[in-house]
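There are 2 protein chains.
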Amino acid sequence: MAIDRTHCQQLDAQDPLSGFKARFQPPQKHTIFLDANSMGAMPAAVPDRLASFCTDEWVELRRQGWNHTEWLDRPRQIGDAIAHLMGAGQGNVVVCDNTTVNLYKILTYAWQSRKSGSTILTEDGNFPTDLYVAQGLNHNHPDPPEIKVCASRDELMDSFNTDTAIVYLSHADYRSGECWNMADINHRAHAIDALTVWDLSHSTGAIPVDLTGDDADFAVGCGYKYLSAGPGGSAYLWVNPRHAENGWPTICGWMGHQDVFAFATEYEPLSGAGRHATGTPAVIANEIFSCAAQIWQEVDEKHLWAKHKALGDLTMELLEQECGSLGVTINTPREYKQRGGHIGFSHPGAGPVSEALLAAGVVGSFRRPNSLRFGLGPLYLSYEDIWEAVSRLRKILESGDWQDAKYQTVSV
Amino acid sequence: MAIDRTHCQQLDAQDPLSGFKARFQPPQKHTIFLDANSMGAMPAAVPDRLASFCTDEWVELRRQGWNHTEWLDRPRQIGDAIAHLMGAGQGNVVVCDNTTVNLYKILTYAWQSRKSGSTILTEDGNFPTDLYVAQGLNHNHPDPPEIKVCASRDELMDSFNTDTAIVYLSHADYRSGECWNMADINHRAHAIDALTVWDLSHSTGAIPVDLTGDDADFAVGCGYKYLSAGPGGSAYLWVNPRHAENGWPTICGWMGHQDVFAFATEYEPLSGAGRHATGTPAVIANEIFSCAAQIWQEVDEKHLWAKHKALGDLTMELLEQECGSLGVTINTPREYKQRGGHIGFSHPGAGPVSEALLAAGVVGSFRRPNSLRFGLGPLYLSYEDIWEAVSRLRKILESGDWQDAKYQTVSV
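Chains A and B supply the protein sequences, listed in that same order. Mind the numbering: the first sequence is residues 6 to 417 in our numbering, read in order. Mind the numbering: the second sequence is residues 6 to 417 in our numbering, read in order.
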């Protein structure tokens with residue numbers, strides 16, 4: 006039986022997370038944002054928090070803010086608030102720096118911590134900045150790792166060998182949304198004495214991640230996608246407690262010192278993951294992230310993941326039902342356990358279609374050469390939103406509107 | 006003839022920068038903030054910029070912000086706006102990351118670029134995080150530099166030799182405010198084929214810095230002190246153009262790639278200083294910094310430095326005139342060219358005095374064991390503010406109020 010709008014409305018009526026939609030500020034027009042894989046929605050509490058931050062903290066306290074506010078506590082506080090979304094223990098997630106800097110710190114630390122082997126194993130589906138970080142290590146480090154960039158998942162699986170020091174992957178592919186089986190990769194890596202470094206940017210806040218249960222070694226992720234930390238917001242890192250004392254952090258800074266305000270001349274690393282915190286925290290960015298963290302703390306991750314799965318299933322079913330005969334092919338695996346946070350699909354005119362969708366108030370994202378992505382933020386998207394978005398897509402494809410000259414200049 | 010309040014008011018009446026005071030938001034009570042060396046004042050434009058950022062950019066654009074706003078241009082745009090404060094050319098200053106991460110990137114890059122020698126020469130008056138970064142390099146790097154931390158300026162000057170690879174200094178001492186002669190150090194360093202790395206955190210926006218004219222090699226600095234970037238705001242780095250193509254940056258990330266949105270698999274560094282930009286810029290922090298950058302762009306640096314010098318001279322004269330007989334001794338050198346952004350002075354009860362000053366609405370800062378600092382932000386402090394602050398200090402010392410039990414718990 007075909008899915009219709011009424012069915013979607015019924016799903017919304019039964020949604021245990023529906024109350025969270027009001028915790029995010031809606032856009033003025035009825036734009037449907039399906040770009041949570043790129044930029045998450047804004048918590049409604051942010052403008053007030055910023056106004057109060059400006060007046061009560063920056064203007065009235067100035068340097069006393071370090072003493073009288075939570076500025077210094079945020080990196081760990083926010084880390085603790087999002088830890089349950091990735092199966093991490095309290096105190097093991099630190100919010101700091103951007104994803105690239107964290108990848109660099111953690112990959113270098115993992116390289117220094119390696120047990121055997123001389124190769125970092127990855128795939129070309131890893132996000133470019135992840136690859137650049139590894140290439141930089143190969144290029145700059147006096148005792149450099151080899152970097153093996155596999156062209157396919159099969160090649161990667163066949164490349165595990167005694168020369169493998171680190172397996173370095175994005176949990177979910179930023180283009181196709183295809184997802185690795187983290188437990189299996191960790192298990193295979195450990196069997197050959199290799200360590201694993203995961204980029205969770207396209208996973209945390211959308212799909213189940215269980216770093217502890219799946220026995221990962223290290224992880225890093227982006228704050229501003231599913232986690233709604235805000236544009237350019239702080240990223241995070243996680244260190245398995247068994248590696249917390251492996252050595253000094255890659256970047257030794259005062260926020261990773263065991264006694265920050267002693268202003269000691271000699272560096273002594275803080276115990277645990279906190280040693281990777283480098284310099285002054287990104288206070289304002291963290292105030293914004295803390296608004297999202299407040300929400301995440303209240304979210305039952307099992308409900309979150311179930312809703313995300315249901316949104317993804319619905320998106321795929323509707324894309325096929327409504328647009329399957331109009332040239333749309335789904336790229337993301339059907340199998341739930343192989344899916345990341347977004348649904349990817351292709352169309353021969355994906356670029357112009359993406360532009361026509363923007364004009365129709367549906368914000369997905371385009372990736373060359375011919376794929377589109379709908380990123381699904383479970384806390385603020387309704388099932389009816391998915392119905393509406395796919396309906397607008399169908400109209401564009403049916404009418405051929407996307408072939409209009411004005412949609413041929415495509416933004417990335 | 007003794008200086009009085011009327012004299013200070015006359016100086017204010019002649020101040021060519023007096024119009025800038027209104028560009029910063031004043032505190033509600035008449036608190037005098039003398040902590041620009043720790044946290045600069047808030048540009049009055051910030052709250053509106055943030056409100057518009059939240060609604061018009063984050064909520065309404067989401068991921069399209071990358072295409073339709075200046076988010077990606079800010080790191081270079083802000084760098085260009087503050088370049089004249091440090092004698093830097095356009096395009097050579099990049100706003101990114103925090104100071105510690107930038108110190109790490111630049112010191113490591115300098116180490117890879119060294120011409121000869123195996124030692125990083127520094128002094129224990131360098132800020133702790135600067136020292137930790139160097140110690141981390143010594144501890145972690147497979148081809149590590151030796152770190153020589155000199156206990157005095159004389160020892161440092163005597164330690165220049167053929168083994169010196171890098172001279173690594175804070176331009177102005179964070180405690181005493183004593184300043185290095187940058188031209189002289191650069192000259193001596195180059196004479197022995199060493200490179201220089203300067204931390205300008207306590208200089209830029211207060212005292213003359215001329216990286217190009219003084220022939221420095223590298224520099225890094227903090228955004229949230231004199232530059233008013235806001236708590237935890239982005240830091241900056243500068244690379245002398247002759248070193249811009251020395252090699253790959255320490256942290257290779259997508260924002261330092263020559264074609265960011267090509268999503269290429271292979272890293273190719275951007276030309277120039279921009280290659281050091283690592284990952285996603287700290288968008289929200291940069292929006293705030295851009296409010297300050299707008300102001301800095303309008304400021305004639307010669308007026309700025311002249312005002313800062315006059316404020317510093319007045320502070321020292323008044324401290325002596327009003328408090329010299331009450332136990333206050335000035336630590337900062339009298340000679341203008343040896344002074345950084347703040348005036349340091351000591352008193353046997355500096356900690357409790359600092360607390361009593363806070364209660365009286367004067368925010369300086371205390372450093373163990375017995376020194377106080379007044380950081381002077383030339384754009385928003387009047388000469389009369391200095392008079393008023395020193396008057397309040399005199400009252401506290403004369404009355405012995407600072408000996409009250411409630412001031413004995415001292416914050417740092």
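Cβ coordinates follow ideal geometry from the N, Cα and C atoms, glycine included. Source: prediction; values computed, not measured.
Asked                                                                                                                         : Found
Under 8 Å (Cβ pairs) to chain B, residues found in the segment 140-165 of chain A                                             : Q140, G141, H144, N145, H146, P147, D148, V154
Min CB distance B/R464 to chain A below 8 Å                                                                                   : Here chain B has residues from 6 to 417 only, and residue 464 of chain B is not among them.
DSSP state of A/H313 mapped onto helix, strand, coil                                                                          : helix
Unbroken alpha helix (DSSP H) run spanning A/A86, endpoints                                                                   : 79-87
Where the alpha helix (DSSP H) containing A/S43 begins and where it ends                                                      : No alpha helix (DSSP H) contains A/S43, which DSSP labels as neither H nor E.
Residue-chain proximity (B/T336, chain A), Cβ-Cβ < 8 Å                                                                        : Note on identity: in this sequence residue 336 of chain B is Asn, with Thr being the wrong assignment. False, the Cβ-Cβ gap to chain A never drops below 8 Å.
Between the CA atoms of B/G237 and B/F379 - distance to the nearest angstrom                                                  : 21 Å
Minimum C-alpha distance to B/P133 - residue among B/D204, B/N72, B/F165, B/K110                                              : B/D204
Closest residue to B/N107 among A/S330, A/G141, A/M321, A/C257 (Cα-Cα distance)                                               : A/C257
Interface partners of A/T270 on chain B, CB under 8 Å                                                                         : D129, P133, L136, V154
Cβ distance (whole Å) where B/A234 is taken to contact B/I293 below 8 Å                                                       : 7 Å
A/R193 versus B/N42 - alpha carbon distance                                                                                   : 52 Å
Boundaries of the beta strand (DSSP E) in which B/R378 is found, first to last residue                                        : 376-380
Presumed contact (8 Å Cβ cut-off) between B/H281 and B/V395, rounded CB distance                                              : Their Cβ separation, rounded to whole angstroms, is 42 Å, which puts B/H281 and B/V395 out of contact at 8 Å.
DSSP state of A/F165 mapped onto helix, strand, coil                                                                          : coil
Rounded straight-line distance, which links the Cα of B/A170 to that of B/L142                                                : 14 Å
For B/Y412, the first and last residue of its enclosing beta strand (DSSP E)                                                  : Here B/Y412 belongs to no beta strand (DSSP E), and DSSP marks it neither H nor E.
Three-pair Cβ contact test at 8 Å for the segment 6-13 of chain A versus the segment 383-393 of chain A                       : yes
Beta carbon of B/V288 nearer than 8 Å to that of A/Q30                                                                        : no
Own chain residues within Cβ distance below 8 Å of A/S118, not counting five before or after                                  : L200, H248, N251, G252
Coil, strand or helix - B/Y241 by DSSP                                                                                        : strand
Residue nearest to A/M260 in terms of C-alpha spacing, selected from B/E303, B/T105, B/W310                                   : B/T105
Cβ shell of B/A93 (< 6 Å), same chain only, five flanking positions each side left out                                        : L216, W243
Between the CA atoms of B/L386 and B/A315 - distance to the nearest angstrom                                                  : 11 Å
B/L275 (DSSP reduced to helix, strand or coil)                                                                                : coil
Spatial distance of B/R373 from B/T337 (CA atoms)                                                                             : 16 Å
Cross-chain neighbours of A/M44 in chain B, by beta carbon under 9 Å                                                          : W63, L66, R67, R68, Q69, G70, W71
A/V154: first and last residue of the uninterrupted beta strand (DSSP E) it sits in                                           : 151-155
Any C-beta of chain B under 8 Å from that of A/H449                                                                           : Past the boundaries of the shown model lies residue 449 of chain A; chain A is included only from 6 to 417, so the question cannot be answered.
Contact set between the segment 211-225 of chain A and chain B, restricted to residues whose Cβ is under 8 Å from the partner : none
Opposing strand residues paired with B/W203 [DSSP bridges]                                                                    : B/L174, B/A224
Within-8 Å CB hit, A/N103 to chain D                                                                                          : Looking for chain D here will not work: the only protein chains present are A and B.
DSSP beta-bridge partners of B/Y94                                                                                            : According to the sequence shown, residue 94 of chain B is Gly rather than Tyr. Per DSSP, none; premise fails for B/G94.
CB contact check: A/F371 to chain B, cutoff 8 Å                                                                               : no
Partners in chain A for B/V106, counting only beta-carbon separations shorter than 7 Å                                        : D102, V106, I256, T283, G284
Residue-level contact to chain B via CB, A/Y241, 8 Å cutoff                                                                   : no
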